[in-house]
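Counting from 7, one number per residue, gives the positions in the sequence shown under my numbering. Heads up, the beta-carbon is just placed ideally off N, CA and C, and yes, glycines get one too. On a predicted model such as this, the values are computed, not experimentally measured, just so you know. Here is the structure we will look at.
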Amino acid sequence: MGQVKMAVSSWADLPTSCLEIIFSLLDLPDLLNVSLVCKHWHNHLNDENSIVWRVQCLKRLAEDVLNGDFLSNVPTYKSKLRALYYTWNPKDCSQNVFVKKNGFVLHRSPVAQSTDGARGRRGFETGRHSWEIWWEGPLGTVAVVGIATKDAPMQCPGYTGLLGSNDKSWGWNLVDNFLLHNGDQQGNFPQCNNAPKYEVGERIRVILDMEDNYLAFERGYEFMGVAFRGLPNETLYPAISAVYGNTEVAMVYLGEPVDG
7 MGQVKMAVSS WADLPTSCLE IIFSLLDLPD LLNVSLVCKH WHNHLNDENS
57 IVWRVQCLKR LAEDVLNGDF LSNVPTYKSK LRALYYTWNP KDCSQNVFVK
107 KNGFVLHRSP VAQSTDGARG RRGFETGRHS WEIWWEGPLG TVAVVGIATK
157 DAPMQCPGYT GLLGSNDKSW GWNLVDNFLL HNGDQQGNFP QCNNAPKYEV
207 GERIRVILDM EDNYLAFERG YEFMGVAFRG LPNETLYPAI SAVYGNTEVA
257 MVYLGEPVDG
């Protein structure tokens with residue numbers, strides 16, 4: 007028993023430089039496991055800008071994505087890596103949509119008379135979450151950003167507000183500033199006179215609060231207000247729907263929103 011205790015103690019007391027080399031070779035599930043071994047290892051991995059998380063990012067993210075403007079609002083290496091695992095789900099979208107190689111941008115193919123959507127990889131039942139959405143191509147006649155349950159459809163014929171077309175999704179149409187849910191317009195958003203229209207490339211921050219069950223939006227770090235209240239206690243996913251051929255939509259998960 008004495009030798010076992012000594013071995014565990016010596017591993018736990020490895021210097022930071024050694025831990026960085028060892029941990030950098032591990033896969034993500036293994037990193038989760040080793041963080042549970044001892045407080046020292048947990049504290050080391052809790053540094054979200056450590057060499058370990060930088061190496062993990064370099065393994066999975068192209069250098070131009072990692073160091074460019076794309077993830078400029080994501081402050082740490084660990085959170086940049088997390089954003090990749092929270093972005094669009096290539097297996098949960100319309101057949102007319104594909105996710106580009108960088109993982110963060112979806113492309114809607116030029117298919118006539120079709121409205122096409124996509125959901126994020128991760129849904130949320132608890133907590134507070136935020137992510138950025140922006141169109142990198144034309145909006146067309148309908149361009150909706152919001153949330154959906156797993157049951158909400160991601161494709162329908164014609165050009166319509168697919169996101170918000172039933173009771174399984176909630177959306178904000180950036181083209182006409184109408185809120186959509188259960189197949190009805192739920193009023194203008196934001197609720198102010200002469201609200202500016204969305205401009206292509208502008209980042210919209212989506213805020214989902216599953217503690218108080220509401221969906222809100224920010225534009226340019228300005229809080230625009232709560233769009234929907236009384237959301238159900240179900241798993242809700244980031245989602246969009248689009249109609250314009252070759253339009254592209256980016257999403258970057260930010261984590262818990264910062265108040266104030």
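For Gln-62, same chain residues with a beta-carbon under 6 Å away, outside a window of 5 residues either side, are Leu-87 in chain order.
Proximity of the segment 135-144 to the segment 101-108 falls short of the contact definition, fewer than three beta-carbon pairs being nearer than 8 Å. Taking Tyr-220 as the centre and dropping the five residues before and after it, the same chain places the C-beta of Val-232, Phe-234, Arg-235 and Leu-237 closer than 7 Å to its C-beta, in chain order. Here Leu-180 is not near Tyr-165, since their CB atoms are 7 Å or more apart. Below 8 Å, enough C-beta pairs join the segment 241-253 and the segment 118-129 to call them touching: three or more. Looking at Arg-60, Pro-81, Asp-182 and Gly-261, the one whose alpha-carbon comes closest to that of Leu-214 is Gly-261.
Taking every protein chain shown into account, the CB of Ser-23 has fewer than 16 other CB atoms within 10 angstroms, so this residue is exposed. In the structure shown, Pro-35 falls within a helical segment according to DSSP collapsed to helix, strand and coil.
One alpha carbon belongs to Pro-96, the other to Met-230, and they sit about 30 Å apart. Taking all protein chains in view, the Cβ of Asp-122 is crowded by 16 or more other Cβ atoms within 10 Å, so the residue is classified as buried. Residues Val-150, Val-151, Gly-152, Leu-185, Phe-195, Phe-223 and Ala-233 of the same chain have their beta carbon placed closer than 7 Å to that of Trp-178, with the five preceding and five following residues left out of the count.
By the beta-carbon neighbour count (other beta carbons within 10 angstroms, threshold 16), Cys-99 is buried. As the crow flies, the alpha-carbon of Lys-45 is around 10 Å from that of Asn-52. A straight line joining the alpha-carbon of Val-117 with that of Gly-170 spans about 21 Å. When DSSP states are grouped into helix, strand and coil, Thr-253 belongs to the coil group. Out of Arg-209, Gln-101, Ser-56 and Gly-193, the CA that lies nearest to the CA of Lys-84 is found in Ser-56. Secondary structure of Glu-217 (DSSP, three-state): coil.
With fewer than 16 other CB atoms across the displayed protein chains lying within 10 angstroms of its CB, Thr-147 is exposed. Under DSSP, Ile-246 takes part in a beta bridge, and its partners are Ala-124 and Val-151.
When beta bridges are read from the DSSP output, Arg-225 appears opposite Ile-210 and Glu-228. Within its own chain, the residues whose Cβ lies closer than 7 Å to the Cβ of Ala-68, once the five positions on either side in sequence are excluded, are Asn-108, listed in chain order. About 17 Å separates the beta carbon of Glu-142 from that of Gly-226, a gap too long to meet the 8 Å contact definition. Within the same chain, Glu-131 and Thr-155 come within 8 Å of Glu-240 by CB-CB distance, once the 5 residues on both sides are set aside.
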